[in-house]
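In UniProt numbering, the protein residues as written are 1 to 160. Glycine is no exception: its CB is placed at the ideal position from the N, C-alpha and C atoms. As the structure is a prediction and not an experimental result, all values here were calculated from the model. I have placed the structure first, in the form of structure tokens, so that the comments after it can refer back to it.
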């Protein structure tokens with residue numbers, strides 16, 4: 001069995017770590033790329049500082065779950081660790097590791113249930129269950145990061 005630290009989903013995003021992290025640092029944008037998030041109801045002004053949170057809704061109406069995600073650790077532009085709650089379904093520790101890679105940024109997303117029914121399963125099983133959703137989330141994050149990088153480069157290239 002793999003070590004829990006080795007489990008997760010990794011994609012290479014064709015944008016620098018600072019740009020990818022800027023998308024992660026936009027608390028109001030999470031519903032744009034996190035699969036299952038319906039909307040963001042509120043975001044602390046200093047997100048993603050340690051201890052700050054976003055208030056989110058998960059699922060389709062009228063079955064929305066209202067809960068919060070809190071920053072556990074942050075080291076821009078390489079690390080973001082979150083405590084994501086979706087009670088009564090459960091809660092999870094979600095870790096994003098960003099590293100420079102050829103052609104952009106390697107981003108790894110690891111998610112481990114820390115409460116609720118999913119937490120009763122071995123981490124290796126949890127990872128297989130959430131991997132497709134997390135892969136899609138990272139694909140969406142990649143598209144947003146590329147668009148932001150393209151926009152920033154366009155602004156930088158405009159004549160004065």
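With a threshold of 16 other CB atoms inside 10 Å of the CB of residue i, please say whether the residue is buried or exposed.
i: residue 51; result: exposed
i: residue 42; result: exposed
i: residue 46; result: exposed
i: residue 48; result: buried
i: residue 147; result: exposed
i: residue 2; result: Reliability of the predicted coordinates at residue 2 is poor, the pLDDT of 45 falling under 50, and the value obtained from them is presented with this limitation in mind. Result: exposed.
i: residue 120; result: exposed
i: residue 73; result: exposed
i: residue 165; result: This structure does not reach residue 165, given that the chain is present from 1 up to 160, and the question cannot be answered.
i: residue 103; result: exposed
i: residue 87; result: exposed
i: residue 28; result: exposed
i: residue 128; result: exposed
i: residue 122; result: exposed
i: residue 85; result: buried
i: residue 24; result: buried
i: residue 5; result: With a pLDDT of 47 at residue 5, under the threshold of 50, the modelled position of this residue cannot be trusted; read the value that follows with caution. Exposed, because fewer than 16 other Cβ atoms sit within 10 Å of the Cβ of residue 5.
Would you list the one or two residues that DSSP bridges to residue i?
i: residue 75; result: 79
i: residue 39; result: 57
i: residue 84; result: 69 and 92
i: residue 210; result: Past the boundaries of the shown model lies residue 210; the chain is included only from 1 to 160, so the question cannot be answered.
Which first and last residues belong to the alpha helix (DSSP H) in which residue i is found?
i: residue 20; result: 17-24
i: residue 33; result: 30-33
Residue i: beta carbon under 6 Å from a heavy atom of the ligand MN?
i: residue 55; result: Only the bare structure without any ligand can be found here, which leaves the ligand MN out of the picture.
Starting from residue i and walking both ways along the beta strand (DSSP E), at which residues does that stretch end?
i: residue 101; result: 90-101
i: residue 161; result: Given a span of 1 to 160 for the chain in the structure shown, any question on residue 161 remains unanswerable.
Is residue i close to chain C? Criterion is C-beta to C-beta, closer than 7 Å.
i: residue 137; result: The structure shown contains no chain C; it holds only a single protein chain.
Since residue i and residue j are thought to touch, with beta carbons under 8 Å apart, how far apart are those beta carbons, to the nearest angstrom?
i: residue 133; j: residue 36; result: 7 Å
i: residue 92; j: residue 111; result: 5 Å
i: residue 34; j: residue 142; result: With 8 Å as the limit, residue 34 and residue 142 do not qualify as a contact, their Cβ atoms being about 13 Å apart.
i: residue 9; j: residue 131; result: 6 Å
i: residue 105; j: residue 16; result: 6 Å
i: residue 57; j: residue 38; result: 4 Å
i: residue 94; j: residue 79; result: Actually they do not touch by this definition, with Cβ atoms about 12 Å apart.
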